[in-house]
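Participant:
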Amino acid sequence: MPTTIQKQQLFVASCLALLVTSLSFGIRAGILGQLGTEFQLNASELSTIAATAFWGFPLAVIVGGFVVDIIGMKKLLVAAFVFHLAGILLTIFAGGFWSLFISTLLIGIANGTVEAACNPLVAAIYPDNKTTKLNHFHLWFPGGIVIGTLIVFFLSKAGIGWHIQVGLMIIPTLLYGFLFSKLQFPVTERVASGVSTADMYKALLNPLFLFMMVCMLGTAITELFTGQWIEVLLKNVTDNALLILTITTGVMVVGRGLAEPVVHKLSPTGVLLISAILATAGLYLLGHSAGNMVYAGALVFGMGVCYFWPTMLGFVAEYLPKTGAVGLNLMGGAGMFAVSMYTMVMGSKYDSLLQQKLPAGSSLADYTAAPAGSEMANALVAAKTAAGPEIINLTLMIPIALVIAFAGLFIYMRGKSKPSLS
């Protein structure tokens with residue numbers, strides 16, 4: 027087992043790796059519109075590119091979950107470093123849809139590989155404080171999105187192009203690659219405790235684990251689809267759509283940093299129930315507000331989704347520990363796969379809504395290509411202003427279902443103690 031100092035260094039390096047993951051989300055969310063304009067891509071094509079990161083992630087996180095106990099966490103993180111570097115460079119030199127598609131896929135695979143190694147790593151080095159430390163680790167996801175969106179905002183204002191904005195991700199990538207190459211890694215907690223592979227697979231069939239997997243689909247879509255698409259959906263509702271993402275993720279950073287007293291006071295199930303209620307209220311405000319109330323919605327929504335991802339993982343790590351690294355990574359993979367599918371479906375739905383709101387028989391492509399300020403361009407802006415909130419209102423059904431699911435979970439888990447791995 028690594029020393030206390032090495033544990034801290036492993037945790038810092040893990041946070042840097044997750045920072046690269048989140049920067050890729052934040053910067054891509056900020057430049058999605060620019061990519062659409064430069065490469066003449068419609069919403070369906072943009073949603074396919076954005077969704078690629080979400081299904082590259084589950085591909086890597088699930089495969090990584092099955093092999094992490096065999097090859098070790100260090101080798102997985104070397105692979106993540108290589109995929110991150112390749113994906114960033116290919117994005118910088120992209121020439122159109124397919125190069126953006128492949129580069130986003132590589133970054134998605136890298137992101138999933140980081141989670142496949144780092145989630146069980148954090149659980150292994152902090153076995154007595156898993157949910158809190160997973161929240162502290164995952165604060166770097168919204169933290170990186172805040173940094174990424176601010177990079178896009180200020181560099182775009184300064185006239186610095188998206189190529190340089192993407193290129194800045196190389197710096198933390200090189201840093202985490204260097205740090206991990208020097209450190210000693212522990213084995214996963216499941217291996218250290220002597221739980222057999224057969225017992226692990228048996229634990230994966232536990233009805234409680236399957237229930238949490240289903241809930242993970244909803245929590246991931248609620249948090250990540252909304253965050254990735256907020257700039258597109260609300261761009262014409264407010265002049266500072268990207269600021270909504272910054273507010274949401276800023277609240278998440280603070281909330282996850284203060285996770286310890288919250289989790290200990292409310293329990294993981296209490297945190298999930300309150301989170302679902304707040305996420306529902308926040309998403310409702312985002313889809314039914316204008317002006318400054320949109321920012322109030324972003325604040326409430328950020329409070330809602332703040333604890334979703336790390337607390338879902340923390341619940342599985344604490345109450346279903348025999349599922350091991352595979353259990354954690356199946357949860358993450360299922361969540362990201364759901365987001366990828368939902369993003370592609372909603373991208374097509376968004377284009378369909380735009381088409382319905384334009385004059386009958388007109389071509390969406392013609393309106394998209396119309397010069398700014400023209401009658402056709404203004405008609406498209408009006409269509410987008412109406413269509414974006416409609417997509418948000420469709421998504422609202424998901425956190426409403428989560429409120430019911432987590433209320434049931436809260437009642438079921440009352441009085442139950444954490445099981446032992448021994």
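Position in the sequence shown (from 1) plus 26 gives the number in my numbering. Where a beta carbon is used, it is the ideal one built from N, C-alpha and C, also for glycine.
Would the stretch 212-232 count as touching the stretch 114-127 if we require 3 or more Cβ pairs under 8 Å?
Facilitator: no
Participant: Once DSSP output is grouped into helix, strand and coil, what is the label at Met239?
Facilitator: Numbered from its first residue, the sequence shown carries residue 239 at position 213. The answer is helix: DSSP assigns Met239 an H, G or I state.
Participant: Quick one: measure Cβ to Cβ for Ile133 and Ile114, integer angstroms, because I've assumed they're closer than 8 Å.
Facilitator: Residue numbering aside, residue 133 sits at position 107 when the sequence shown is read from its first letter. Residue numbering aside, residue 114 sits at position 88 when the sequence shown is read from its first letter. Between Ile114 and Ile133 the Cβ distance is about 7 Å, and since that is below 8 Å, they are a contact.
Participant: Roughly how many angstroms separate the alpha carbons of Ala351 and Ser293, rounded to a whole number?
Facilitator: Against the sequence shown, residue 351 aligns to sequence position 325. Against the sequence shown, residue 293 aligns to sequence position 267. Cα to Cα, the separation comes out at about 22 Å.
Participant: Ends of the alpha helix (DSSP H) at Asp154?
Facilitator: What you label residue 154 is simply residue 128 of the sequence shown in a count that begins at 1. First-last for Asp154: undefined, no H or E at that position.
Participant: Using alpha carbons as the reference points, say which of Glu141, Val104, Lys156 lies closest to Leu44.
Facilitator: To locate residue 44, count along the sequence shown from 1; it is residue 18. Selection Glu141, Val104, Lys156 evaluated against Leu44 yields Glu141 as nearest (Cα-Cα).
Participant: If we call anything under 9 Å between Cβ atoms a contact, is Ile75 one with Leu67?
Facilitator: Against the sequence shown, residue 75 aligns to sequence position 49. Against the sequence shown, residue 67 aligns to sequence position 41. Yes, the Cβ-Cβ distance between Ile75 and Leu67 is below 9 Å.
Participant: I think Asn355 touches Gly91, with their Cβ atoms under 8 Å apart; what is that distance to the nearest whole Å?
Facilitator: On the sequence shown, residue 355 is found 329 positions in, with the first residue counted as 1. On the sequence shown, residue 91 is found 65 positions in, with the first residue counted as 1. So it is a contact: roughly 3 Å between Cβ atoms.
Participant: Give every residue of the same chain whose Cβ lies closer than 6 Å to the Cβ of Gly373, excluding the five residues on either side of it in the sequence, and list them in chain order.
Facilitator: Within the sequence shown, residue 373 is the residue found at index 347, counting from 1. Closer than 6 Å at Cβ, skipping near neighbours: Ala69, Ser70, Ser73.
Participant: Just to confirm the assignment, what range does the alpha helix (DSSP H) spanning Tyr333 have?
Facilitator: In the sequence shown, the residue the question calls residue 333 occupies position 307. Unbroken run through Tyr333: none, as it is neither H nor E.
Participant: Alpha helix (DSSP H) containing Gln210: first to last residue?
Facilitator: Locating residue 210 in the sequence shown gives position 184, where the first residue counts as 1. DSSP places Gln210 in no alpha helix (DSSP H); its state is neither H nor E.
Participant: Tell me the DSSP secondary structure of Lys100 in three-state form.
Facilitator: The sequence position of residue 100 within the sequence shown is 74, counting from 1. Three-state result, Lys100: helix.
Participant: With C-beta atoms as the reference, is Leu234 less than 9 Å away from Leu346?
Facilitator: As a first step, residue 234 is located in the sequence shown; it is residue number 208 there, counting from the start. As a first step, residue 346 is located in the sequence shown; it is residue number 320 there, counting from the start. Yes. Within cutoff.
Participant: Inspect the beta-carbon positions of His110 and Asn145 and report whether they are closer than 9 Å.
Facilitator: Reading the sequence shown from its first residue, position 84 is the one you call residue 110. Reading the sequence shown from its first residue, position 119 is the one you call residue 145. Not a contact, by the Cβ cut-off of 9 Å.
Participant: Among Gln34, Ala143, Ala112, which residue has its Cα nearest to the Cα of Ile128?
Facilitator: Counted from its first residue, the sequence shown places residue 128 at position 102. Nearest C-alpha to Ile128: Ala112.
Participant: Since Asn318 is in the alpha helix (DSSP H), which residue starts that stretch and which ends it?
Facilitator: Residue mapping note: residue 318 aligns to position 292 of the sequence shown, counting from 1. Counting along the chain, no alpha helix (DSSP H) covers Asn318, and no H or E run does either.
Participant: Would you mind reading off the limits of the alpha helix (DSSP H) that contains Met362?
Facilitator: By 1-based counting over the sequence shown, the position of residue 362 is 336. Residues 350-383.
Participant: Less than 9 Å separating the beta-carbons of Gly244 and Thr274?
Facilitator: Translated into positions along the sequence shown, residue 244 becomes position 218. Translated into positions along the sequence shown, residue 274 becomes position 248. Result no, Cβ atoms of Gly244 and Thr274 do not sit closer than 9 Å.
Participant: Please report how far the alpha carbon of Ala343 lies from the alpha carbon of Lys156, in whole angstroms.
Facilitator: For the purposes of this step, residue 343 is taken as the residue at position 317 of the sequence shown. For the purposes of this step, residue 156 is taken as the residue at position 130 of the sequence shown. Rounded to whole angstroms, the separation of the alpha carbons of Lys156 and Ala343 is 7 Å.
Participant: So, does the stretch 277-288 touch the stretch 365-380, judging by three or more C-beta pairs under 8 Å?
Facilitator: The stretch 277-288, when compared against the stretch 365-380, does not touch it at the 8 Å Cβ threshold.
Participant: Nearest to Phe432 by alpha carbon, out of Gly296, Ser48, Thr421?
Facilitator: Mapped onto the sequence shown, residue 432 falls at position 406. Minimum Cα distance to Phe432 is reached at Gly296.
Participant: Are there three or more Cβ pairs, one per stretch, closer than 8 Å when the stretch 35-53 is compared with the stretch 325-343?
Facilitator: Contact between the stretch 35-53 and the stretch 325-343 is absent, with fewer than three C-beta pairs closer than 8 Å.
Participant: Report the rounded CA-to-CA distance for Met367 versus Ala246, giving the unit in angstroms.
Facilitator: Indexing the sequence shown from 1 puts residue 367 at position 341. Indexing the sequence shown from 1 puts residue 246 at position 220. Cα-Cα distance, rounded: 12 Å.
Participant: Could you name the residues of the same chain whose beta carbon sits closer than 8 Å to that of Met402, not counting the 5 residues immediately before and after it, in chain order?
Facilitator: Within the sequence shown, residue 402 is the residue found at index 376, counting from 1. Correct list, in chain order: Asp392, Tyr393, Ala396.
Participant: Within 10 angstroms of the Cβ of Thr63, are there 16 or more other Cβ atoms? Answer buried if so, exposed if not.
Facilitator: As a first step, residue 63 must be located in the sequence shown, where it is residue number 37. So Thr63 counts as exposed.
Participant: Under three-state DSSP, which class holds Ile177?
Facilitator: For this step, residue 177 is matched to residue 151 along the sequence shown. In this structure, Ile177 counts as helix in the three-state DSSP scheme.
Participant: Following the continuous alpha helix (DSSP H) through Ala386, name the residue where it begins and the one where it ends.
Facilitator: Here residue 386 refers to the residue found at position 360 when the sequence shown is read from its first residue. Neither: Ala386 is in no alpha helix (DSSP H) and is coded neither H nor E.
Participant: With distances taken between CB atoms, is the gap from Ala412 to Lys444 smaller than 9 Å?
Facilitator: One-based indexing of the sequence shown puts residue 412 at position 386. One-based indexing of the sequence shown puts residue 444 at position 418. No; because the gap between Cβ atoms is not below 9 Å, this pair is not in contact.
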